[in-house]
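In terms of my numbering, the sequence shown opens at residue 4 and continues consecutively. Every residue, glycine too, gets a C-beta built ideally from N, C-alpha and C. None of the values given here were measured: they were computed from a predicted structure. Shown next, in structure tokens, is the structure this report addresses.
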Amino acid sequence: MITKEMLIGDIIRQHPETAQVFTRHHLECCECQLADLETLEHGAGFHRIAIDDLLAELNAAVKTAGTA
4 MITKEMLIGD IIRQHPETAQ VFTRHHLECC ECQLADLETL EHGAGFHRIA
54 IDDLLAELNA AVKTAGTA
């Protein structure tokens, strides 16, 4: 399960299927040098994205990939 305390870079490495969620929200985290230092909560707040909505989408992507 992805949590708001996780580093964005760790999320993408552990769950590559989440990259498309970040892209859909115009978060270019895959190419950002801060991804290895920034928590999901901080990144979402900085880009003014509702953390609960982002978490739900990221966890849904992981769940979907796990059932495929």
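The alpha-carbon of Leu10 is positioned some 17 Å away from that of Arg51. A Cβ-Cβ distance of about 5 Å is found for the pair Thr21 and Ala64, placing them in contact under the 8 Å criterion.
Beyond the five residues adjoining it in sequence on each side, His18 comes within less than 8 Å, by CB distance, of Ile5, Leu61, Ala64, Val65 and Ala68 in the same chain, given in chain order. Going by C-alpha positions, Ile15 is about 9 Å away from Phe25.
When DSSP reads this structure, Leu57 sits in no beta bridge, so it has no partner.
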